[in-house]
Amino acid sequence: MPRRLATPHPPRALAALALACTALVAVACGDGGAEPVATATATATATREVAAIGLLDDLPVEVDQRAPDFRLNVLGGGATRLSDFRGKTVVLNFWASWCAPCRREIPDFQELYEQRGPSGPDDLVILAVNLTPEDTRVAAEAFIEEFDVGFPVLFDTTDGEVARRYGVRGLPATFFIDREGIVRTTALGAVFGHLLEVGVADADTAGGTYE
């Protein structure tokens, strides 16, 4: 009777490798009911979107149309998006420390913020975007400290991407945006007193009547 050849036992290293491969195949294939594992590419893309600074869409600036969204760094740390304030009236102001009309209007902006911001009904926000390419961080911070500004101060990108999209060619420039994110009124030049009241009321009433 011929002898049956015994099956040799695989070395321990090969056996471990085989078990590891089997485990990898099981994870990759799944059991048909598990959620697919997110790819590294998708994760990296999501991270870049969260970290993006500057414009977040390609919308133009037009009255009665949605304002272009953006995300910018904030004085004091962190970053914020325009769309974070959906549901509130937004006064979006572009300024620089060397701008004389900006100095004239800023006290009225601060007074409005104290009336309608955290100390008031909290249904309005003022976002002051510094024209960073034409200013310095030190001068901007000194300006904010001098006028004791309490509302959020943002810094445009180094190439002024957001101001350029909003068509800012002179300072100051202000955009009044309603609770749905729609641009209702724009103002090129200093805005204070009655002019500020009219712009805010127009955004408050979503472009409705104000007298």
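So the sequence shown is numbered by the numbering used here: it starts at 28 and just counts up by one. For every residue, glycine included, the Cβ atom is placed at its ideal position computed from N, Cα and C. Just so it is clear, the structure is predicted and the values come from calculations on it, not from any experiment.
Taking the beta carbon of residue i as the centre, do at least 16 other beta carbons fall within 10 Å, making it buried, or is it exposed?
| i | result |
| --- | --- |
| S146 | exposed |
| P199 | buried |
| E141 | exposed |
| D229 | buried |
| G235 | exposed |
| A127 | exposed |
| R211 | buried |
| L223 | buried |
| T116 | buried |
| P134 | exposed |
| P95 | buried |
| E248 | The structure shown does not extend to residue 248, since the chain is modelled only from 28 to 238, so the question has no answer here. |
| A190 | buried |
| T68 | Legend: pLDDT at T68 = 49, less than 50; position of this residue unreliable, value from coordinates given subsequently. With fewer than 16 other Cβ atoms within 10 Å, it is exposed. |
| E132 | buried |
| T23 | Here the chain comprises residues numbered 28 to 238, so residue 23 is not present and cannot be evaluated. |
Tell me the DSSP secondary structure of residue i in three-state form.
| i | result |
| --- | --- |
| I80 | coil |
| P159 | The question names Pro, yet the displayed sequence has Thr at residue 159. Here T159 sits in helix by DSSP. |
| L102 | coil |
| G234 | coil |
Taking 6 Å as the limit between beta carbons, can you name the residues of its chain near residue i, skipping five residues before and five after?
| i | result |
| --- | --- |
| G187 | P160 |
| V180 | L102, A155 and I171 |
| Y113 | One point to set straight first is that residue 113 is Arg, not Tyr, in the sequence displayed. G208, listed in sequence order. |
| A167 | S124 and N157 |
| D85 | none |
| E109 | Checking the displayed sequence, the identity of residue 109 turns out to be Leu instead of Glu. Within the same chain, L109 has close Cβ partners D96 and F97. |
| F219 | E132 and D135 |
Just to confirm my understanding: we take residue i, look at its own chain, exclude 5 residues before and 5 after, and list those with CB closer than 8 Å. What are they?
| i | result |
| --- | --- |
| G144 | L151, V152, I153, G177 and F178 |
| G197 | L215 and G216 |
| T74 | At T74, the pLDDT of 40 sits below 50, so the modelled position is not reliable; the number obtained from the coordinates is stated separately. There are no such residues. |
| D91 | I209, V210, R211 and G234 |
| R164 | F182 |
What does residue i pair with, by DSSP beta-bridge criteria?
| i | result |
| --- | --- |
| L215 | A200 |
| V210 | I204 |
| T107 | L99 |
Excluding the 5 residues flanking residue i on each side, which residues of the same chain have their C-beta closer than 7 Å to its C-beta?
| i | result |
| --- | --- |
| A106 | I80, R98, L99 and N100 |
| A123 | C129, N157, L158, E161, D162 and L198 |
**Ordered list of beta strand (DSSP E) runs contained in the segment 112–192, each at least 3 residues** = 116–122, 151–157 and 180–182
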